[in-house]
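Take a look at the structure set out below.
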Amino acid sequence: MTRGRNECSVELDAAKQPTRRGGRQKLTTKTQIRRLACAEPRAPIGKKFVHKSVSDASHSSHRKNGPIEEWMNNTAELGVRGVRKEFVRDIKGYVPSGSQSAWENDKNFDKNRYEDIRLLDKTRVIIKKAQNGDDYIHASYVKVADNLTYICAQGPLENTVQNFWIMVIQEESKVILQLCQMRENGKEQSAEYFPKNSTTKSYGAVHVHVKEKPTNAVGLKNVTRSKIQATYEGKTQEVMCYDELLTISALPL
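Just so you know, we're using the UniProt record's numbering here: the sequence shown kicks off at 1 and counts up by one.
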């Protein structure tokens, strides 16, 4: 390392000073001298030498994690099998309390992908400028922090893709994270909601244009990102789509 012109020499004790090379530990002998490049002059004898950046890092490491960082850390510790086990044990059979009249309404039956995933009236997203008065979409607001709210939605069905995009435009969403594959174990998990083999396609009254075709997302194996532009009744929303983010091979755990 070279940082500045000041250098200090430190004699290393073989019993106390391990060094790492190539992933292995190696002890230095008393006669070996390591030259350390440092930005500040040598510290006076008897005083502890601590580089400023090290001190700053130690203080920043004690910064309290926010809810997102805490969730990410907990998920990483659980791993894929741990998350699945927790879901089966604590969540799969969970039935939320509260009114679910929209979800139970017969006219919305074919707009729900799963029979066991309910939708609460108090947190559901209501389509405000729907076609033919159809304000239903299986999607809920999820408040993560005071200034941060996500929308969790089921993978669109062919008959709900239009309302899915109307919701995206209405809520001015900037990012779509697809947490599933289009098909898993031979079953559809999401209908196509933007064109894969062309640049523009209409889903009902919504026109969807691919501004940037799918490219590999940096740092995420098998995940692609696309820039999409959706237009409905004169209003346009641009959004980044990340596909198949939480497939087994894509999980950064």
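Cβ coordinates follow ideal geometry from the N, Cα and C atoms, glycine included.
Backbone CA spacing between residue i and residue j [nearest angstrom]
i: Thr200; j: Ile169; result: 17 Å
i: Ser55; j: Asn65; result: Low confidence applies to Ser55: its pLDDT is 43, below 50, so where it sits in the model is not reliable enough to give any reading.
i: Lys47; j: Glu69; result: At Lys47 the pLDDT is 44, less than 50, meaning the model places this residue with poor confidence and gives no usable figure here.
i: Gly82; j: Glu184; result: 20 Å
i: Val208; j: Lys235; result: 12 Å
i: Val88; j: Ile176; result: 26 Å
i: Lys213; j: Met72; result: 29 Å
i: Gly186; j: Glu233; result: 36 Å
i: Met167; j: Thr75; result: 29 Å
i: Ala217; j: Arg225; result: 6 Å
When the options are compared against residue i, the one with the closest alpha-carbon
i: Val223; options: Tyr193, Cys241, Val210, Thr236; result: Cys241
i: Ala205; options: Thr215, Val161, Ile151, Asp146; result: Val161
i: Lys221; options: Lys143, Asp243, Val239, Thr231; result: Asp243
i: Val125; options: Lys213, Glu115, His138, Asp90; result: His138
i: Glu192; options: Ala102, Asp146, Leu157; result: Leu157
i: Pro96; options: Gln189, Cys180, Ser140, Ser202; result: Ser140
i: Val210; options: Lys107, Lys85, Phe109, Pro195; result: Pro195
Residue interval of the alpha helix (DSSP H) (run including residue i)
i: Leu179; result: Unbroken run through Leu179: none, as it is neither H nor E.
i: residue 257; result: The structure shown does not extend to residue 257, since the chain is modelled only from 1 to 253, so the question has no answer here.
i: Glu171; result: 161-171
i: Ser101; result: 101-104
Span of the beta strand (DSSP E), counted from its first residue to its last, around residue i
i: Glu212; result: 206-216
i: Ala145; result: 139-145
i: Val80; result: No beta strand (DSSP E) contains Val80, which is instead part of the alpha helix (DSSP H) from 67-86.
i: Tyr203; result: 200-203
8 Å contact criterion, which residue i and residue j should meet: CB distance rounded
i: Ser173; j: Gln237; result: 7 Å
i: Gln178; j: Arg113; result: Contact flag wrong, Cβ pair sits at about 14 Å.
Residue i - DSSP class collapsed to helix/strand/coil
i: Arg124; result: strand
i: Arg118; result: coil
i: Glu151; result: Strictly speaking, residue 151 in this sequence is Ile, with Glu absent from that position. Three-state result, Ile151: strand.
i: Lys235; result: strand
i: Gly22; result: Annotation note: pLDDT 45 at Gly22 (below 50); position unreliable, coordinate value reported separately. Gly22: coil per DSSP, three-state reduction.
i: Arg89; result: helix
i: Lys187; result: strand
Residue-level contact to chain C via CB, residue i, 8 Å cutoff
i: Val95; result: The structure shown contains no chain C; it holds only a single protein chain.
Closer than 7 Å: residue i CB and nearest the ligand COA heavy atom
i: Lys187; result: As for the ligand COA, it is missing from this structure, which has no ligand bound.
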